[in-house]
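All remarks here apply to the structure that follows.
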Amino acid sequence: MADAPCAALPPGWAPIGAVLALWNDVDPTRLADYEHWHRHEHVPERCTVPGLHWGLRWARADAARGPRFFTLYGLRDAAVLDEPAYQRLLREPTPASRAMRPALRQVTRWVCAVPAEPVAFAMAQAQLARLMTAPTVVTCADEPHPTQRAPGTGLWLARLPQAAPLPWLSATQQDRTAGAEAGAARDTATPVAWLGLLTAPETVPGALRGTALTAQWRALPVGQHAQEPARSGR
Numbered sequence: 083m084a085d086a087p088c089a090a091l092p093p094g095w096a097p098i099g100a101v102l103a104l105w106n107d108v109d110p111t112r113l114a115d116y117e118h119w120h121r122h123e124h125v126p127e128r129c130t131v132p133g134l135h136w137g138l139r140w141a142r143a144d145a146a147r148g149p150r151f152f153t154l155y156g157l158r159d160a161a162v163l164d165e166p167a168y169q170r171l172l173r174e175p176t177p178a179s180r181a182m183r184p185a186l187r188q189v190t191r192w193v194c195a196v197p198a199e200p201v202a203f204a205m206a207q208a209q210l211a212r213l214m215t216a217p218t219v220v221t222c223a224d225e226p227h228p229t230q231r232a233p234g235t236g237l238w239l240a241r242l243p244q245a246a247p248l249p250w251l252s253a254t255q256q257d258r259t260a261g262a263e264a265g266a267a268r269d270t271a272t273p274v275a276w277l278g279l280l281t282a283p284e285t286v287p288g289a290l291r292g293t294a295l296t297a298q299w300r301a302l303p304v305g306q307h308a309q310e311p312a313r314s315g316r
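Here my numbering is used: the first residue of the sequence shown is 83, the next is one more, and so on.
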C-alpha cells in the first residue's frame, strides 16, 4: 500500500479551525502491530471523515522521556469530532482498532483552536518542511508573550478544555501527567493550556527549554486509505 507524503503540509492552514493532537505509547509486545495498524489503517481511516482534512504522525526522538508517538489531525473546526461520521468510528471500531485499544498506554488527547489568521506560519518553505518532519512540540500553562517568540518559527494553539474525552479510554491508559510534556506539570495544579508547534529547539521560549514540557519528534509515513475497513458492532 502506498504512503502519503508526510513531510508536506496539506493545502494550507487557512481552512483549518482546530487540530486534534494525541500523544500515546503502546505495549512493547504490540509495537509492530501498532505501527502497521496506525500507519495503514487508523490515520488514513480518520482522514475519510468529512471536515478532517489531514493527519500527520511522528515518533519521539528520545522515547525514554515519555510517550513514543504524537499524531496531529487538521479539522475544519472542533465540531467535526461531534458529528456522526467521526462518532461512528469511535462507536464501531474496525477489528484491528478494537484489538489495539487495550494495548495503548500514556494516552493524552487535546483539541486545540487554530488562530483565524495564523501569521506564525508565514515562514520559508524550508522552515515549513522542518516543522512537518522534525517539529519541536511544547506545552505550557500560559501563551508565551510575543516578545518571546521569533516570527515565522511555528504556531501556538489554545487548548479547548470542553472537548469530550475518548469514551473507551480506561483510567489506567491515560497519562495523568501526559508523559510530562503533554499535560499538567507534576508540581502544579494549573492545567497546561497551550500547544506550541515549533521549527527547532532553539525557537522554544527560554524558560521552557530543556524541560519535560518540550520534546523533539521525527516524521513517520502515513498510508493511503484504500477501502472501507470491516467494522465490528458494539
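Virtual Cβ for every residue (Gly too), placed ideally from N, Cα, C.
Computed from a prediction, not measured in an experiment: that's the story for all the values here.
Per-residue DSSP class, three states only, for residue i
i    : result
R187 : strand
R158 : coil
R142 : strand
R258 : Residue placement at R258 is flagged as unreliable, the pLDDT there being 48, under the threshold of 50; the coordinate-derived value follows with that caveat. Coil.
V125 : helix
W136 : strand
T27  : One cannot answer for residue 27 here, as it falls past the ends of the chain, which runs 83 to 316.
L279 : strand
L104 : strand
T296 : strand
A216 : coil
L248 : coil
A240 : strand
A195 : strand
T285 : helix
T111 : helix
A301 : strand
Distance CB(residue i)-CB(residue j) smaller than 8 Å
i    : j    : result
D299 : A181 : Checking the displayed sequence, the identity of residue 299 turns out to be Trp instead of Asp. Contact: no.
L213 : T281 : yes
G99  : V196 : yes
C194 : L138 : no
V131 : A103 : no
V108 : L157 : no
A216 : A275 : no
T221 : L277 : yes
P247 : R191 : yes
A160 : A245 : yes
Y155 : R128 : yes
A297 : R112 : no
P287 : P249 : no
Local Cβ density within 10 Å of residue i, reported as buried at 16 or more and exposed below that
i    : result
Q188 : buried
P126 : buried
A178 : buried
D144 : exposed
H120 : buried
P149 : buried
L279 : buried
P175 : buried
A163 : In the sequence on display, residue 163 carries Leu and not Ala. It counts as buried.
T254 : exposed
L134 : buried
H124 : buried
L251 : exposed
H118 : exposed
Near the ligand GTP: residue i beta-carbon under 7 Å from a heavy atom
i    : result
W136 : Within the structure as shown, the ligand GTP is missing, as the structure has no ligands at all.
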